[in-house]
Amino acid sequence: MEHVEIKSGPVEVVGSGTVIAFSGNPIEITIGSADDSIKVIFAFLDEEGKTDVRVEAKLLDNKTLKITLFNHRTPLGVGSSEPIPIGTAAGLRLYMNYRVFGFPGGDKTIHYTFYRGGID
3 MEHVEIKSGP
13 VEVVGSGTVI
23 AFSGNPIEIT
33 IGSADDSIKV
43 IFAFLDEEGK
53 TDVRVEAKLL
63 DNKTLKITLF
73 NHRTPLGVGS
83 SEPIPIGTAA
93 GLRLYMNYRV
103 FGFPGGDKTI
113 HYTFYRGGID
């Protein structure tokens, strides 16, 4: 397979894809090498009787970020409106963008892109 390099402005795309959660379980994505990586965990929580969409982020340790997505159950999609800085790896800044699509009671689909580079 040929090497593919994707850039957008000052950053390089280091990971991009689509994942459907398995039976409501969180989605874990690890970016970087074995000795210098960051793990992002996307957890989904639909609150009965609530429709307000919100996001809570929590550092579980210095290399793990848990993002809990509340009430992301629209088939039209909900997500970040601009790249979100999430840390550094190999001395470069890491950013992410995401969109979540879902139906009430169904598994969530997430589209994600991770970027590496610098914006000063």
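Under our numbering, the first residue of the sequence shown carries the number 3, and numbering increases by one thereafter. In this text, a Cβ means the ideal position worked out from N, Cα and C, and glycines have one as well.
Contacts around residue i, its chain only, beta-carbon distance under 8 angstroms, and the 5 residues preceding and following it disregarded
i          : result
residue 67 : 40, 41, 42, 43, 59, 60, 61, 88, 89
residue 78 : 103
residue 49 : 72, 73
residue 19 : 113, 114
residue 52 : 72, 73
residue 54 : 72, 73
Chain-order list of residues whose beta-carbon lies under 6 angstroms from that of residue i (same chain, five-residue window excluded)
i           : result
residue 116 : 16, 17, 33, 98
residue 31  : 42
residue 46  : 71, 110
residue 22  : 109, 111
residue 76  : none
DSSP three-state assignment for residue i, whether helix, strand or coil
i           : result
residue 35  : strand
residue 74  : coil
residue 105 : coil
residue 8   : coil
residue 58  : strand
residue 51  : coil
residue 85  : coil
residue 24  : coil
residue 65  : coil
residue 41  : strand
residue 92  : coil
residue 120 : coil
Cβ distance (whole Å) where residue i is taken to contact residue j below 8 angstroms
i           : j           : result
residue 120 : residue 100 : Not really, about 21 angstroms apart at Cβ, beyond 8 angstroms.
residue 26  : residue 109 : 6 angstroms
Close Cβ partners of residue i (< 7 angstroms) along its chain, the five nearest in sequence each way excluded
i          : result
residue 65 : 39, 40, 41
residue 36 : none
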